[in-house]
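Heads up: the structure comes next, in structure tokens.
Number of protein chains: 2
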Amino acid sequence: MTSKPNPIRVMLVDDHAVVRAGYRMLLKNSVDIEVIAEADNGESACKQYNQLQPDIVVMDLSLPGIGGLEAIRRIIARDPDARILVFSMHEDTIFVEQALQAGAQGYMTKSGAPEALIDAVRALASGKTHLDKNIAERLAFQKMRGKDTPFSGLSTREFEIFCLLAEGHSTSDIAKRLSLSYKTVANYSTQIKNKLEVGSIAEIARLAIRHQIVNV
Amino acid sequence: MTSKPNPIRVMLVDDHAVVRAGYRMLLKNSVDIEVIAEADNGESACKQYNQLQPDIVVMDLSLPGIGGLEAIRRIIARDPDARILVFSMHEDTIFVEQALQAGAQGYMTKSGAPEALIDAVRALASGKTHLDKNIAERLAFQKMRGKDTPFSGLSTREFEIFCLLAEGHSTSDIAKRLSLSYKTVANYSTQIKNKLEVGSIAEIARLAIRHQIVNV
DNA sequence: GCGTAGCGCAGGAATTTTTCCTGCTCTTTT
DNA sequence: AAAAGAGCAGGAAAAATTCCTGCGCTACGC
Chain Z
1 MTSKPNPIRV
11 MLVDDHAVVR
21 AGYRMLLKNS
31 VDIEVIAEAD
41 NGESACKQYN
51 QLQPDIVVMD
61 LSLPGIGGLE
71 AIRRIIARDP
81 DARILVFSMH
91 EDTIFVEQAL
101 QAGAQGYMTK
111 SGAPEALIDA
121 VRALASGKTH
131 LDKNIAERLA
141 FQKMRGKDTP
151 FSGLSTREFE
161 IFCLLAEGHS
171 TSDIAKRLSL
181 SYKTVANYST
191 QIKNKLEVGS
201 IAEIARLAIR
211 HQIVNV
Chain X
1001 MTSKPNPIRV
1011 MLVDDHAVVR
1021 AGYRMLLKNS
1031 VDIEVIAEAD
1041 NGESACKQYN
1051 QLQPDIVVMD
1061 LSLPGIGGLE
1071 AIRRIIARDP
1081 DARILVFSMH
1091 EDTIFVEQAL
1101 QAGAQGYMTK
1111 SGAPEALIDA
1121 VRALASGKTH
1131 LDKNIAERLA
1141 FQKMRGKDTP
1151 FSGLSTREFE
1161 IFCLLAEGHS
1171 TSDIAKRLSL
1181 SYKTVANYST
1191 QIKNKLEVGS
1201 IAEIARLAIR
1211 HQIVNV
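Chains as they are written, first to last, in the working numbering: chain Z, 1 to 216; chain X, 1001 to 1216.
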């Protein structure tokens, strides 16, 4: 617990100034962490990253302009060693997958204990990765079951019907269109919900939109 | 600028602890404002309001359990003089309309300057109302042109159920949450589809996403 | 003051959808 | 040849949807 000569230099990226202020206050309590920059959008984050080369980026995903994911990709593209901690309100594992795939080394949700942010920053600074415990577990389960994207578990037919459901077609609509018994489509629909672990058509729609499978 | 004997007593309501910490820090800079309570959900907010009778409630709308809107209604029902400032991420005017109708005296978005929050709190404390400048303008324009969002044809209850449907909740889910007969919710659901001229829950979800009423 | 209209709420009845189970065919893999 | 899995669909029970009706309440206009 000796004072360190080189504090962890952090850049905060979040579109809400109040929220950044919250992070700042929180991180101020740790002498080994120093907030050296803030950005309220993805472009600015990329630019500042290149200028200041912070050790850690703490980044929200929902940003105006290019989103958080794209910002991560751009930062990583220029500096493959960049260390980015996503700090998002989204609990859904799809966001975690996307963030990690984009190059982030950590993912925390805002609903966790504020102190967890500090632990995560330190973990990333020391070269480790850090996932929200809750989310890591869910992700692990998904992976064990051999699911890359949530859709890779779907068969061709299932995916076809998934798309039509997401577009707003009714079961009997789809049956007519595909020349199937409505029973068949109904059964597929149930099957799809099970595989994707969603409970309603609304969630199917959101999932599809999230993956840009259908347009908003 | 003399120090005041009776600071404005504020209660913060937001489900993210980090965000509340941000508000706290921000408001701490004003000697005439004192944060006397925090809540991370609607029920707790109502309970604490009754016990502590804060002068001002600063409230997010997206809360677990009963949403922010319902919390506002309950607080106002018990104390019609309650002064509530909504501090939300939603820019869509539909939320402002709903919040004001529920009884709030102010609406600010989180994307504004942090200092604006302080002004708003002071405005409400002195008996005035306070709307985000940007939003007030849009609201005025809409009203003048008599042209609202597709949702303005929905009643308060209908809109509430619309949001829950779009989030993926089932009819009986919603019935439990709102303490209604599932028949009532089912009937509302049909009514909503008719009013919005959509044929399925998936389209409800997409409509809601398009208007950023729910997150993708 | 009284009619009218709209909202919130919910039951009845008929219909449709969903769910869970089962069974069949066909193809692919081992 | 056996096994596994996709595609398809029916039966039966459960759940959701739709359309209709009705009631209480509040607000508005005449």
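For every residue, glycine included, the Cβ atom is placed at its ideal position computed from N, Cα and C.
According to the neighbour-count rule (16 or more other Cβ atoms, all chains shown, within 10 Å of its Cβ), is residue i buried or exposed?
i: Leu-27/Z; result: buried
i: Gln-1053/X; result: exposed
i: Pro-114/Z; result: buried
i: Lys-133/Z; result: exposed
i: Thr-190/Z; result: exposed
i: Leu-196/Z; result: buried
i: Gly-1068/X; result: buried
i: Lys-250/Z; result: Here chain Z covers residues 1 to 216 and nothing more, so residue 250/Z does not appear.
i: Asp-81/Z; result: exposed
i: Arg-177/Z; result: exposed
i: Ala-21/Z; result: buried
i: Gly-1042/X; result: buried
i: Gly-1153/X; result: exposed
i: Ala-17/Z; result: buried
i: Pro-150/Z; result: buried
i: Gln-1098/X; result: buried
i: Ser-1179/X; result: exposed
i: Ser-1200/X; result: buried
i: Glu-1160/X; result: buried
i: Val-1013/X; result: buried
Identify, in the order they occur along the chain, each residue of the same chain with its Cβ nearer than 6 Å to the Cβ of residue i, setting aside the five sequence neighbours on each side.
i: Ala-175/Z; result: Tyr-182 and Val-185
i: Asp-1055/X; result: Ile-1008, Arg-1009 and Ala-1125
i: Arg-122/Z; result: none
i: Ile-953/X; result: Lying outside 1001 to 1216, the shown extent of chain X, residue 953/X is not represented and no answer is given.
i: Leu-1211/X; result: The question names Leu, but residue 1211/X in the sequence shown is His. Here the set comprises Asp-1092.
i: Arg-24/Z; result: Val-35
i: Ile-1192/X; result: Glu-1158 and Phe-1162
i: Arg-1138/X; result: Thr-1093
i: Gly-146/Z; result: Note on Gly-146/Z: pLDDT 48, under 50, position unreliable in the model; no value is reported.
i: Ala-1120/X; result: Leu-1085, Gly-1106, Met-1108 and His-1130
Take residue i and list the residues in its own chain whose beta-carbon comes closer than 7 Å to its own, dropping the five residues that flank it on each side.
i: Ser-30/Z; result: Ile-118
i: Gln-48/Z; result: Met-11, Ala-37 and Ala-39
i: Met-1089/X; result: Thr-1109 and Lys-1110
i: Ile-84/Z; result: Val-57, Met-59, Ile-72, Ile-75, Gly-103, Ala-104 and Gln-105
i: Ala-140/Z; result: none
i: Cys-46/Z; result: Ala-71, Arg-74 and Ile-75
i: Phe-87/Z; result: Val-58, Met-59, Asp-60, Met-108, Lys-110 and Leu-117
What residues are listed by DSSP as bridge partners for residue i?
i: Arg-1009/X; result: Glu-1034/X
i: Gly-1106/X; result: Leu-1085/X and His-1130/X
Suppose the cutoff is 8 Å on Cβ atoms and the five residues either side in sequence are ignored; what does the same chain contact list for residue i look like?
i: Val-214/Z; result: Cys-163, Ala-166, Glu-167, Ala-205 and Ala-208
i: Arg-1157/X; result: Tyr-1188
i: Val-216/Z; result: Ile-209
i: Asp-1015/X; result: Asp-1040, Asn-1041, Asp-1060, Ser-1062, Leu-1063 and Pro-1064
i: Val-198/Z; result: Ile-204 and Leu-207
i: Asp-1173/X; result: Leu-1164
i: Ser-218/Z; result: Any answer about residue 218/Z is impossible in this case: the structure gives chain Z only from 1 up to 216.
Got a sec: does the ligand SAH put a non-hydrogen atom nearer than 7 Å to the Cβ of residue i?
i: Leu-207/Z; result: As presented, the structure is devoid of all ligands, the ligand SAH included, so that no description of it is given.
3 or more residues per run - each beta strand (DSSP E) lying fully within the stretch 22 to 92 of chain Z: 33 to 39, 56 to 59 and 84 to 88
The stretch 1068 to 1080 of chain X contacting the stretch 1097 to 1104 of chain X, beta-carbon criterion three pairs below 8 Å: yes
Sufficient close CB pairs (3 or more, under 8 Å) joining the stretch 192 to 207 of chain Z to the stretch 1156 to 1173 of chain X: Under the Cβ criterion (8 Å, minimum of three pairs), the stretch 192 to 207 of chain Z counts as touching the stretch 1156 to 1173 of chain X.
Whole runs of the alpha helix (DSSP H) within the stretch 164 to 213 of chain Z, excluding any shorter than 4 residues: Listed in chain order, they are 171 to 178, 182 to 196 and 201 to 210.
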